[in-house]
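J.: Structure below; questions to follow.
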Amino acid sequence: MSAVATSPTHSQPDSDNFLIYSKGFLSWALTLDHKRIGLMYLVAVMASFFVAGILALVLRTELLTPTEWFLTPQQYNQVFTLHGAIMVFLFVIPSVPAALGNFLVPVMLGAKDVAFPRLNLSSFYLWVGGAIFFLTALLYTGLDTGWTFYTPYSTTTRGPVVAATMGVFILGFSSIFTGLNFIVTINTMRPPGMTWFKMPLFLWATYATSIIQVLATPVLGITMLLLAAENILHIGIFDPKYNGDPVTYQHFFWFYSHPAVYIMILPGMGVISELMSVHSHKSIFGYRFIAYSSIAIALFSFLVWGHHMFTSGMANVASLIFSALTFCVSIPSAIKVFNWLATMYKGTVQLNTPMCYALTFIFLFTIGGLTGLWLGALSTDRPLHDTYFVVSHFHYVMVGGSLVGFLGGIFHWWPKMTGRMFNDLWGRVSCLFVLIGFNLTFLPQFVLGSRGMPRRYAHYVPEFQELHQLSTFGSYVLGAGLFIALGVLIHSLMRGKQAPPNPWGGATLEWQCSSPPPFYNFSHPPTVNEPYNYLPLQYHGEELGWEYVHPSHTAAPSIHPAPTKS
Amino acid sequence: MANDTATLDPAHAHGEHADGHGAHAHMPFQAHHFDDPEQQFDAGKLGMWIFLVTEVLFFSGMFCAYALYRSLHPEVWTFASQFLNEMLGAFNTGVLLFSSLTMAWGVRCAQLRQRTGLVICLAITLGCAAMFLGIKAVEYTHKWDMGLLPAGFYESQYLPGAHHTGLSSWLVRLCIIPGVLTVGFALWYLVTLIKGQKRHSEIAGPMLVTGLCFFLGAYLGIVIQSFEESSHGTISHDSHVAAGVDAGGHSDEPASRSPGDPLPEEIDQAGGAGLFFSIYYCMTGVHAIHILGGMVVLTWLLVRATKDQFNEQYFGPVDYVGLYWHLVDLIWIYLFPLLYLIK
Amino acid sequence: MSDHAAHGEHSHGFAHPAPVWQLIAVFLALVGLTILTCFQASLGLGELELILSLFIATIKATLVVLFFMHMIHDKPLNAIIFVSSFVFVALFIGFTLMDAHAYRDTVELKDVPSPRAIVAPAE
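Chains as they are written, first to last, in the working numbering: chain U, 1 to 566; chain W, 1 to 343; chain Z, 1 to 123.
Structure follows, in structure tokens:
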């Protein structure tokens, strides 16, 4: 082999890879290594997703019949609260930033670790503590307020509102610390040569997400604290009984929770930016536009929270302003979609599992985003508010966007994280099931919503039964797809082939270290390249993957997968 | 390559892994993943500023509630603010400002590696914090006795009721924990003196002073409070006069009141003044919790300062805690005029 | 990043110890402003009072930030970050207030009897 490879050769046994360099339970439980913390988050987050997903299937099964089947309306309320709250606070918010982000941010940046490793670990344990607090509260007597804790119901219901709000408060701390850590890491830990505009777009997206986490989450903290004080001390700020104002609660809540929607989707967008470029083997189209649009989304996200409150008694003038601003936030999102599509144009698109998920993301996110405009327009939101149309819209964004992006990212970086290749065929099958199942579940809900089916109802009129049944069967297909995906990942852990350092041909820094990376990420300071320049990469077959070759050593670099056996 | 102890405390153990550290490879408190002490300091400082941003936004929720209800019902604010003791508030402002001065001085001492100076500065800062809380305890308990409570428990000031005089039983109860701590610190200080453990007595001494400062603050609070009351008559009586209403009814209303204004009785109830006190307790209570948190980290700094761990290359922790402490001061700078000085 | 790293042996590296006179001067100014704000509150200026007291508080806050928190020697980024947080606070409070005032014309103060009123009915 004439080329000089800077990446470590995979043939050598990696005794110092981060998975096995030290053993025992404590070496994981007390680890300060960002990669191990990332993996622990991954397991925890997927466990929460599993629980909340099962609850979703329970809800859909109950909705097979228009009348009561096996859940009382009260139980139905508790199950959807549990489903929503776990999905939002325990899964979607920490999924990509905390799990994938912790693993990837320092490696992609070329740093040894995040800026504050101990804060990172405490952030994980805050998550665990918050989750336990939260779940105990929810299961103890059954919280039935929905995940939004709207007053005055949350101040009058006998459910464990205080305990649940404290759980959210703790989870908020975890989220703030993760965001803070990433901002400081990206600002101060960039190695020489890693300028802002050489950073992979995933880092830009993570940076934007972290800004939101840091700025918005404290407001959720004080909201939850005031809500708890409302329940214990009857401070009356949100309680009409004491001339307080419930609409103010909604302002407080959505000042966090609308930006939180972008905490959920922005990292997914970052993942897709990586996937699109790597699996098309073509430089990302409009790098700066995608980077700036991430920041723009983060800033715009603070201007639009009122569109959740069009029907809750907000003043007309405020509704008008928020509606107009809502349309602005669609611009940076659309910029991203156009750039992803342009990236694929004339690229060498390989339809492997991560790319299939990335394409699914674009399809579903576009539907989710466009239906969002209907809800942002005042006149159409009035009839559609609190119907299945809203439910369907945010599932298209949260599941079709965040979850699919998360899955795509998992499959993309799975070889890097575990050192194992997965079965690509079954991965693609899982993606197909997810795509079909998801649309089968939620397309009927658009129809249901526009015909007037309100959300959060256990019973409905018999005319809606067919569409509801279609939706329920779709959810089974979706569930099956997710189980297949889980099976593929578990199978790869046991039977998977050893992964090369760079199986996909990515040019970002994480592909320069071995799979899985060594304890210190880089045995010697990495060479910082253009993150999306694929010219110096050469394919050496399935065993060896792609290798970075200094341009001076190769006369005619090939960008196509042409095996050149040495 | 790396062992478990190494993962537990990278600040101490990872020096040998750090390649490219050059001359700074043996800095005792440099974490393994930073290139040099300055990068570590910058990272910590940026992190602290971002944390302060979250604190600002955290408090903004309560400032928002304040602005909302004050702008909607200014007369309630004017009425309820008379129950707050302006002298105590101003005195507490001074105490906090002085603690900020000593904190900033402490940072200077750490940067110049003046160990004794740092210990003294931290001790004074802790003492001021305790004094602040002592005065706050007097203020709080006095209001609890008068029934000036959050909306749900608010008791109208016009209705006959036994207003408490003399030492508040609430204050006694609030003093139990600081009392026990002070006695404990005193015993510890004696033990260290007898055993001749110099470094331990340098920790126990400031802690004892801190405990005593709480009681000094409480004493000063009571003195100022009684001075105010003797110069204006009792607060409860005063309020009737101020509102122009005697206990029997509302026959002689002040001439300045325009017909559209709500009657004092409409203000003096849970949904009026009660809401003011809700917001008052939320804002000052959360602020007091921040003071308590600050005292915990200041104690941690004190322990580290006695070990002489800070120098011109490594003074980050003192600086970061200082930033936090000044922010707490900053919030009080706004709370004082907004709550106490409404006329 | 390390533009200060090349200092000589006798300087304090990246540390900027604040001179004692400066700290004390700032403290005295803060105390003076506190007295001033108490004084202006006793004048009974009405509407102007809120603005004036907030203005004085902001001067005090600026002094604390600039000198006690060493903002004048700090990196511009930190200053930008801290100041920009107030933009978001303004956004939050501004929109909420605007909305509340726009729809609250009809909402009136409501009587809520206090606990003692129920125990002791008015004579």
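Glycine is no exception: its CB is placed at the ideal position from the N, C-alpha and C atoms. None of these values were measured; they are calculated from a predicted model.
Given a cut-off of 8 Å, decide if E230 (chain U) and I222 (chain U) are closer than it, judged by their beta-carbon atoms.
T.: no
J.: Between the alpha carbons of C282 (chain W) and L226 (chain U), how many angstroms are there, rounded?
T.: The alpha-carbon separation between C282 (chain W) and L226 (chain U) amounts to approximately 8 Å.
J.: Under 8 Å by Cβ, that's how I've got L63 (chain Z) and L36 (chain Z) pegged, so tell me the actual separation to the nearest angstrom.
T.: Not really, about 13 Å apart at Cβ, beyond 8 Å.
J.: Please list, in chain order, all residues of the same chain as M417 (chain U) whose beta carbon is under 7 Å from its beta carbon, the five residues on each side excluded.
T.: L39, F103 and P516
J.: In chain order, which alpha helix (DSSP H) runs of at least 4 residues are fully inside the region 469-515 of chain U?
T.: none
J.: On the criterion of 16 or more Cβ atoms from any shown chain inside 10 Å, does H251 (chain U) qualify as buried, or is it exposed?
T.: buried
J.: Can you confirm whether the region 51-61 of chain W touches the region 184-203 of chain U when touching is taken to mean that 3 or more C-beta pairs between the two stretches lie within less than 8 Å?
T.: At 8 Å Cβ cutoff, the stretches do not touch.
J.: Could you name the residues of chain W that H385 (chain U) contacts, counting a contact when the two beta carbons are closer than 8 Å?
T.: Within chain W, no residue comes near H385 (chain U); the closest Cβ sits about 25 Å away, beyond 8 Å.
J.: Taking Cβ positions only, does F39 (chain Z) come closer than 8 Å to chain W?
T.: no
J.: Using a C-beta cutoff of 8 Å, does K112 (chain U) count as contacting chain W?
T.: Chain W, which has a Cβ nearer than 8 Å to the Cβ of K112 (chain U), makes this yes.
J.: Assess contact between the region 401-419 of chain U and the region 326-343 of chain U, defined as three or more Cβ pairs (one per stretch) separated by less than 8 Å. Is contact present?
T.: no
J.: With a 10 Å radius around its C-beta and 16 neighbouring C-beta atoms as the bar for buried, classify G545 (chain U) as buried or exposed.
T.: buried
J.: Starting from Y262 (chain U) and walking both ways along the beta strand (DSSP E), at which residues does that stretch end?
T.: Not the beta strand (DSSP E): Y262 (chain U) falls in the alpha helix (DSSP H), residues P246 to S280.
J.: DSSP three-state label for V549 (chain U), please.
T.: strand
J.: Residue range of the alpha helix (DSSP H) that Y153 (chain U) falls in?
T.: Y153 to T156
J.: Step through the CB atoms of chain U and report whether any lies within less than 8 Å of the CB of Q313 (chain W).
T.: no
J.: A90 (chain W) to T54 (chain W), Cα distance in whole Å?
T.: 27 Å
J.: Answer yes or no: do F82 (chain Z) and L52 (chain W) have a C-beta to C-beta separation smaller than 8 Å?
T.: yes
J.: In its own chain, which residues sit with a C-beta less than 6 Å from the C-beta of D381 (chain U), not counting the 5 before and 5 after it?
T.: Contacts found: F310 and L375.
J.: Using 8 Å as the Cβ pair cut-off and three pairs as the minimum, do the region 21-28 of chain Z and the region 90-105 of chain W touch?
T.: yes
J.: Going by DSSP, which residues form a beta bridge with N17 (chain U)?
T.: U:P518
J.: For Q538 (chain U), report the span of its beta strand (DSSP E) as first-last.
T.: The continuous beta strand (DSSP E) containing Q538 (chain U) extends over residues L537 to Y539.
J.: With burial defined as no fewer than 16 other Cβ atoms inside 10 Å of the residue's Cβ, what is the status of E123 (chain Z): buried or exposed?
T.: For E123 (chain Z), the pLDDT reaches just 35, beneath the cut-off of 50, and the residue's location in the model is therefore unreliable, although a value from the coordinates is still provided. Label assigned to E123 (chain Z): exposed.
J.: How would you label V321 (chain W), buried or exposed, when you count the other beta carbons within 10 angstroms and need 16 or more for buried?
T.: buried
J.: Return the CA-CA distance between L335 (chain W) and I224 (chain W), expressed in angstroms with no decimal places.
T.: In a straight line, the C-alpha of L335 (chain W) is about 20 Å away from that of I224 (chain W).
J.: Could you spell out where the alpha helix (DSSP H) holding V87 (chain Z) opens and where it closes?
T.: P76 to Y103
J.: Quick check: the Cα distance between I410 (chain U) and L100 (chain U), rounded to an integer number of angstroms?
T.: 8 Å
J.: Give the DSSP-derived three-state secondary structure of Y314 (chain W) in the structure shown.
T.: strand
J.: Would you list the residues sitting across from T387 (chain U) in a DSSP beta bridge?
T.: U:P454
J.: Between the C-alpha atoms of M69 (chain Z) and F177 (chain U), what's the straight-line distance to the nearest angstrom?
T.: Here the alpha carbon of M69 (chain Z) sits roughly 22 Å from the alpha carbon of F177 (chain U).
J.: Figure out for me which residue from U:I265, U:Y457, U:L493 and U:M166 has the closest Cα to the Cα of A228 (chain U).
T.: U:M166
J.: Using the beta-carbon count (16 or more within 10 Å), is A458 (chain U) buried or exposed?
T.: buried
J.: Does the Cβ-Cβ distance between E62 (chain U) and L71 (chain U) come in under 8 Å?
T.: At a Cβ-Cβ threshold of 8 Å, E62 (chain U) and L71 (chain U) count as neighbours.
J.: Where does R420 (chain U) fall in DSSP's three states?
T.: strand
J.: Nearest to A260 (chain U) by alpha carbon, out of U:L220, U:Y242, U:I295 and U:G270?
T.: Measuring from the Cα of A260 (chain U), the nearest candidate turns out to be U:L220.
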